[in-house]
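One line per chain: the protein sequences are A and B, in this order.
The first sequence begins at 1 in the working numbering and counts up by one.
The second sequence begins at 580 in the working numbering and counts up by one.
By construction, the Cβ of each residue, glycine as well, lies at the ideal position given by its N, Cα and C atoms.
Below is one structure; the comments refer to it alone.
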Amino acid sequence: MTFNGWLQIAIYCVLVILITKPFGGYMTRVFDGERTPLSPVLHPIERGIYALCGVREDEEQHWVSYAIAMLAFSFAGFVIMYGIQRLQNVLPFNPADQAAVPPDLAFNTSVSFMTNTNWQSYVPETTMSYLTQMWALTVHNFVSAATGIVLAIVLIRGFARRSVRTLGNFWVDLTRCVLYILLPISVVVCLVLIALGTPENLNAYTAASTLEGAKQVIAQGPVASQEVIKMMGTNGGGFMNANSAHPFENPSALTNLIQILLIFSIGAALTNVFGRMVGSQRQGWAIFAVMGVLFLGGVTTCYWAESAGNPAFGQFNVDQTTSALQPGGNMEGKEVRFGIANSALFTTITTDASCGAVNNMHDSLLPIAGMVPMVNIMLGEIIFGGVGSGLYGMLLFVIVAMFVAGLMVGRTPEYLGKKLEAKEVKMAMLGILILPLSMLGFTALASVLPVGTAATANAGPHGFSEMLYAYTSATGNNGSAFAGLSANVPFWNDTLGLAMFIGRFLMIIPMLAIAGSLVQKKIVPTSAGTFPTDSPLFVGLVVGVIAITGGLIFFPAVSLGPVVEHFAMHAGSLFDTGS
Amino acid sequence: MKHVRPAIVMIVVMTVITGIIYPLAMTGIAQAVFPYQANGSLIEKGGKVIGSALIGQNFSSDKYFHGRPSATTEPDPNDASKTVPAPYNAANSAGSNLGPTSKALVDRVKDDATRLAAENPNTPIPSDLVTTSASGLDPDITPAGALFQVPRVAKARGLPEDKVRQLVQEHITGRFLGIIGQPHVNVLQLNLALDAMKA
């Protein structure tokens, strides 16, 4: 670990804090339907979309109607995306002559992009045509992100509104989110990324003749336009197989900084939107603080562990020390331009959020460093989190924390003046517990089936980690991987697709039910007995509840993977796949 | 049922806006304003594309600086269901995905370290020269990794070591604003400069 490394991490933190308030203010205006500087251009388009869809801008929906609209939209997107992949061989914009995508892979990919997971069982450069990349994948980078954001807005409205039955209109929220937030930022940042080296073309792959006279085929494509929304929407599916480690997707340390800022920007700003909508920005900053504490814990652990390097290399006179001339540490699966600090930072951020883009290969992280992304996802990606899903996941934990606090003092828990009763607490627990059920259940299944274990690329505890990480990532809608796993076979494509579906929709429905119940409640006036939810005590309580819940559920599984591998590594054990 | 029409119309409208207009407009602007970057930062020599400034390529001659080991593959010509190693395959980016306790990883590092120790004995081997990059296409090596190779390159070209070392120093790209990122040396650019120096 170096002073410079910590300085880079500190600069990143400051930039996130600086973005949060102004961006939160802008997003609040958008979702409150107020005028913004972009309204003169965009409002006519917005009205045109409502007319085409037959939607009335001022018509509000009950939570059940909102949920059905969201599901109908997701399903329509799923069907079209599946169809485009199956037919890409006869559609245009296919200079690399990609064949039709096989059914199990097209199913997996469609669920993956619909649910904002962006797990990729395939190698994009050799699988997807430019048309599929743009019409199917880029589109869902936008709309799955927008879906997550508007769901968080709905839960916020549940807390903010009082004694009403409706929570907003899905079609209106979705349209505004794409037109006013995602699209304008994408346009601007896309051009910046192109200026910094990310390609944007429809050319055939380039055949180069290298300095030594060999032939090198260089994959091309409209990379930059997908890259921006991939990061900002916490989607994370790479245009290229190596994702944000690929020098075209992420050419320099500066583009890397832009990318990691994009990942947290909406998640952080939503805490401020929350504060503004419930009438006290301090409430938003308290949630921000909970997330910040957990983030710092993760990045510190990951950076510390990776800086140590691999103890097995020392015997060959390999120099893993840090100096002015090299970053040192564990450089397997990393890029020189990022070094250790930016790789550890990216790994922590991409799994705190449900992004899942990678700028280094998580499969090659040292055991404790690789445990950090795994644990981040297991906790539910609530640390700034997936766009929208991070905030509503965190608020589920807040409800449980307030319930625990209520038990301690023996009074009905309340949060922001809303009484939390049996229904809310049950639904919150349901939303929280559905994730480990899928993560651990599927991992257990794969561990005892030959078709499961056959897919692992590494032997010993690391092989178990690969399987555990896969179902954790799919259920958490993250999409990153211990990528050695050969998941492009029907068993893995189908079970991972199912896990992504469970992790997305079975968490959303209890959450919407809570919103629907809260919105009807009156506000209880603050009294001397009210627990202050903008205090350090509150932050500590929520962090504690998250850590205890996560620890109780996941410690046994994690100890079988990364923990045992860590001790094996320091004992000098090596594992051979025998092939 | 009242959600059927908006669901279908909305996904079509969004496809038109975000899947057609947006990427094609970006492509159009990029081709007009930043043609070099938008087409992959390609380097031409004598009218032929020799590679991209951003993409590493495979060097094996003693006369050139070598990039990092690359784990990329291509389909086996004899059996399409298998793959064979193809370093710096820029149409199939990939890392090794070997875990830290993998015997295959440690064996590979041992082989590479043994080979490198022979060309520059008694010098610690910079770790980037024995570890594969995340993309398999890393265009860079560390300054330590470049300096380590100076004796071999100088000998193969019959140049004084000081002159080659000087060239390496000139090709070190520092951190952005002195803070962000990691100092590195672009291998292709360095090798092009080497070729230019001889002439």
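For chain A, is any of its Cβ atoms less than 8 Å away from the one on residue i?
i, result
"B:N699", "no"
"B:T662", "no"
"B:H780", "Residue 780 of chain B lies beyond the range of chain B shown here (580 to 778); nothing can be said about it."
"B:F644", "no"
"B:G715", "yes"
"B:G625", "no"
"B:R736", "no"
"B:A696", "yes"
"B:N618", "yes"
"B:G678", "yes"
"B:A586", "yes"
"B:V743", "no"
Taking CB distances under 8 Å as the criterion, tell me whether residue i reaches chain B.
i, result
"A:L18", "no"
"A:G336", "Strictly speaking, residue 336 of chain A in this sequence is Val, with Gly absent from that position. Yes, because at least one Cβ of chain B sits closer than 8 Å to the Cβ of A:V336."
"A:Q8", "yes"
"A:H62", "no"
"A:S323", "yes"
"A:M114", "no"
"A:M128", "no"
"A:A483", "yes"
"A:S573", "yes"
"A:T217", "It should be pointed out that residue 217 of chain A corresponds to Val in this sequence rather than to Thr. Judged by the 8 Å Cβ criterion, A:V217 is in contact with chain B."
"A:L211", "yes"
"A:V143", "yes"
"A:F313", "yes"
"A:V178", "yes"
"A:Y205", "yes"
"A:H462", "yes"
"A:V55", "yes"
"A:A195", "yes"
"A:M240", "yes"
"A:E381", "no"
Going by beta carbon distance, what residues of the same chain come within less than 7 Å of residue i, once the five residues before and after it are set aside?
i, result
"A:K522", "R162 and S163"
"B:A772", "L746 and H750"
"A:E227", "L193, T198, F239 and E249"
"A:A253", "R337, F338 and N342"
"A:P124", "G238, F239, M240 and N241"
Report all residues from its chain with a CB closer than 6 Å to the CB of residue i; omit the five preceding and five following residues, and keep chain order.
i, result
"A:V583", "Here chain A covers residues 1 to 579 and nothing more, so residue 583 of chain A does not appear."
"A:I383", "M291, L294, F295 and D352"
"A:A344", "C302, Y303 and E306"
"A:N272", "T20, K21, G24 and G284"
"A:A120", "Sequence inspection shows Gln at residue 120 of chain A; the Ala mentioned does not correspond to that position. Excluding residues within five positions, the ones whose Cβ falls inside 6 Å are G237."
"A:T530", "none"
"A:I229", "N141, F142 and S186"
My understanding is that residue i touches residue j, with C-beta atoms under 8 Å, so please give their C-beta distance in whole angstroms.
i, j, result
"A:E466", "A:L485", "5 Å"
"B:T652", "B:N668", "7 Å"
"A:S225", "A:C190", "5 Å"
"A:F575", "B:S660", "25 Å between Cβ atoms; not a contact."
"A:L174", "A:A146", "5 Å"
"A:I399", "A:Y415", "7 Å"
"A:R157", "A:V519", "7 Å"
"B:L756", "B:Q636", "Rounded, the Cβ-Cβ distance is 29 Å, inconsistent with contact."
"A:V278", "A:F159", "5 Å"
"A:S354", "A:T234", "5 Å"
"A:F397", "A:V154", "The pair is not a contact, with the Cβ atoms about 18 Å apart (cut-off 8 Å)."
"A:A100", "A:L87", "7 Å"
Just to confirm my understanding: we take residue i, look at its own chain, exclude 5 residues before and 5 after, and list those with CB closer than 8 Å. What are they?
i, result
"B:V628", "L621 and I622"
With three or more beta-carbon pairs closer than 8 Å as the criterion, would you say the stretch 324-339 of chain A touches the stretch 700-718 of chain B?
yes
Three CB pairs or more closer than 8 Å across the stretch 685-692 of chain B and the stretch 313-329 of chain A
yes
Within the stretch 257-309 of chain A, note down every full beta strand (DSSP E) run reaching 3 residues or more, in order along the chain.
none
Three or more beta-carbon pairs under 8 Å between the stretch 115-131 of chain A and the stretch 92-102 of chain A, yes or no?
yes
Decide if the stretch 369-385 of chain A is in contact with the stretch 96-116 of chain A; the criterion is three or more beta carbon pairs, one per stretch, under 8 Å apart.
no
Length-filtered (3 minimum) beta strand (DSSP E) runs lying within the stretch 658-702 of chain B
658-664
Cβ contact check for the stretch 497-506 of chain A and the stretch 457-466 of chain A: 3 or more pairs under 8 Å:
no
The stretch 24-41 of chain A touching the stretch 361-373 of chain A, judged by at least three CB pairs closer than 8 Å:
no
Would you call the stretch 73-87 of chain A and the stretch 194-214 of chain A touching, i.e. three or more CB-CB distances under 8 Å?
no
Three or more C-beta pairs under 8 Å: does that hold for the stretch 715-726 of chain B against the stretch 634-648 of chain B?
yes
Taking 8 Å as the threshold, find out whether the stretch 694-705 of chain B comes into contact with the stretch 719-735 of chain B through three or more Cβ pairs.
yes
I'd like the ranges of any beta strand (DSSP E) spanning at least 3 consecutive residues and lying wholly in the stretch 72-100 of chain A.
none
For the stretch 338-384 of chain A, which segments carrying the alpha helix (DSSP H) assignment without a break, of at least 4 residues, lie completely within its bounds, in sequence order?
339-352 and 367-378
Touching by the beta-carbon criterion (3+ pairs, under 8 Å), the stretch 422-429 of chain A and the stretch 390-404 of chain A:
yes
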